[in-house]
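Below is one structure, written out as structure tokens; the observations come after it.
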Amino acid sequence: MMSRHAAFVLLLAFGAVFQLSCGIEVNVTKEDKLCLYANLMLNFSVSYEVADNKNQTAVFELPANATADGSACDNTTSMLKLDFEGHSWSMTFTTDGKNYQAAIITFSYNLSDSKLFPNSVSNETKTVIVKPQMKDVGIDTCYSCHSKDTIEADSVNMTLWNVLIQAFVINGSKSENLTICEADTPMTTVAPTTAPRPTSTTPAPTLPTPTTGKYSYKPDENSTACLLANFGLRIGVKQGDKLEEMNFEPNGTQISGSCGLNSSELKLVSSSITIEFTFTNDTKKFRLHALNVTGKTSSGLTFTEANNNMSLWEATLGSSYMCKKEQNFTIASLVTIYTFNVQVQPFGVKKGLFSTAHECSLDDTSILIPIIVGAALAGLILIVVIAYVIGRRKTYVGYQTL
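Structural data, given as structure tokens:
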């Protein structure tokens, strides 16, 4: 997945929080010594009530402005607490001196937050409490789990991954030893003592490369296109341990959108998928800033996912962005999109045609040239050095005293 590498640093009274492209990192201190360390990624999916007794789902990630000043450490209990925009998430740990475990996770969310929960009929703050699976972690080890762990509660799903936690740090230094979660541990299969009966398995069908759709938006019939987009699109939806994929069919797709000075939108509606792209610019470059996907898979699973904090398909204003190779982006915990043969220009379209393309790094083979030249020079230097050493040895042999 492509991501912008940015760092966010916030110093707090009880600890330091670092918001990186790889997740949020928390250092909790007590008496100027590290007592709790955490590095993790966290997404939320919350179902809430809107008008007419209908439900809507909000999908969001732990934001960059989360603070950890409510975190605390003690000899037998410790707590990682992250507050953000009127909401809070915490994990409480206990220890018997030899091992530690996560006792409870508490998530409180305020439905009056119209940004995360638009059209909510309730303004109350709700709290869910669940017991996670983290247990029997050695006291002087870090708990490590790269796999995604979705924790379900009433109307709430919380997905944790890329987790590294030491809840009770000894002598102020984070341990290099790891207790690895079961999901990350390779499974070993014991060979059967008798020959197994032959079985036949049907592999999952491989989808063909999606058809490249050519989309354009113009404000009215008398105008020329102000937004152009060509791409093939595949959507993967995770359901438990299974991933169901579907190609977006451009034929018959309804196209709508808008073209603004700093923001442009493209909305595509097919028979089973609706996808909205929001592009923004900073007067120098444009990028894909937000993506909203709603659809229904062939198995009948209905899904809605959104990400409003993206920085993809970036190019200079006045040019287009192009990437012929396959790319994939995780929109949220449940949905991944795969793109093929992309070329987009949401701003500065002239005469309804794409401007000069800025190629993605996957397509740019020019970076191979200095690598090849450098390798050739290194090989040549090595040959010269070897020849020189051999020549010197022969010279010494010729002048040996008999």
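Per mature numbering (1 follows the signal peptide of the UniProt record, and there is no 0), the sequence shown runs over residues -23 to -1, 1 to 379.
Where a beta carbon is used, it is the ideal one built from N, C-alpha and C, also for glycine.
As the structure is a computational prediction, the values presented were derived from the model and not from experiment.
Skipping 5 residues on each side, what residues in its chain have a beta carbon closer than 6 Å to that of residue i?
i      : result
Thr104 : Ser85
Ile82  : Met68, Val107, Pro109
Ala49  : Met56
Cys158 : Cys122
Ala364 : none
Thr127 : Asn134, Thr136
Can you tell me which of the three DSSP states residue i falls into?
i      : result
Gly368 : helix
Asn285 : coil
Ala144 : coil
Gly190 : strand
Asn258 : strand
Val326 : coil
Leu359 : helix
Asn318 : strand
Ala206 : strand
Asn96  : coil
Ala15  : strand
Tyr354 : Reading the sequence as shown, one finds Leu at residue 354 and not Tyr. It is helical.
Ala309 : coil
May I ask you to list the residues that DSSP assigns as paired with residue i?
i      : result
Gln216 : Lys219
Cys122 : Val140
Asp60  : Thr44, Ser65
Leu155 : Cys119
Cys300 : Val319
Leu265 : Phe256, Leu289
Glu26  : Asn32
For residue i, which residues from the same chain have a beta carbon less than 7 Å from its beta carbon, with the 5 sequence-adjacent residues on both sides left out?
i      : result
Ile367 : none
Cys203 : Tyr194, Lys195, Pro196, Cys236, Val326
Lys262 : Glu291, Ala292, Thr293, Leu294
Asn318 : Thr189, Asn207, Phe208, Gly209, Lys301
Lys125 : Thr136, Trp138, Ser310
Short check: CB of residue i to CB of residue j, under 7 Å?
i      : j      : result
Thr118 : Asn154 : yes
Asn20  : Thr201 : no
Asn76  : Asp113 : yes
Glu26  : Val98  : yes
Lys273 : Ser249 : yes
Phe331 : Leu205 : yes
Leu268 : Asn284 : yes
Asn100 : Gly63  : no
Ser296 : Thr333 : yes
Can you give the beta carbon distance from residue i to residue j, rounded, assuming they're within the 8 Å contact cut?
i      : j      : result
Glu336 : Ile308 : 24 Å between Cβ atoms; not a contact.
Ser22  : Ser241 : Rounded, the Cβ-Cβ distance is 28 Å, inconsistent with contact.
Ala144 : Leu13  : 6 Å
Gly149 : Leu11  : 5 Å
Gly209 : Leu220 : Contact doesn't hold; Cβ gap of about 18 Å is too wide.
Asn42  : Phe70  : In fact, because the Cβ distance is near 24 Å, the residues do not count as touching under 8 Å.
Excluding sequence positions up to five away, which residues of its chain have a Cβ less than 8 Å from the Cβ of residue i?
i      : result
Lys328 : Thr201
Ser65  : Gly47, Lys58, Leu59, Thr83, Phe84, Ser85
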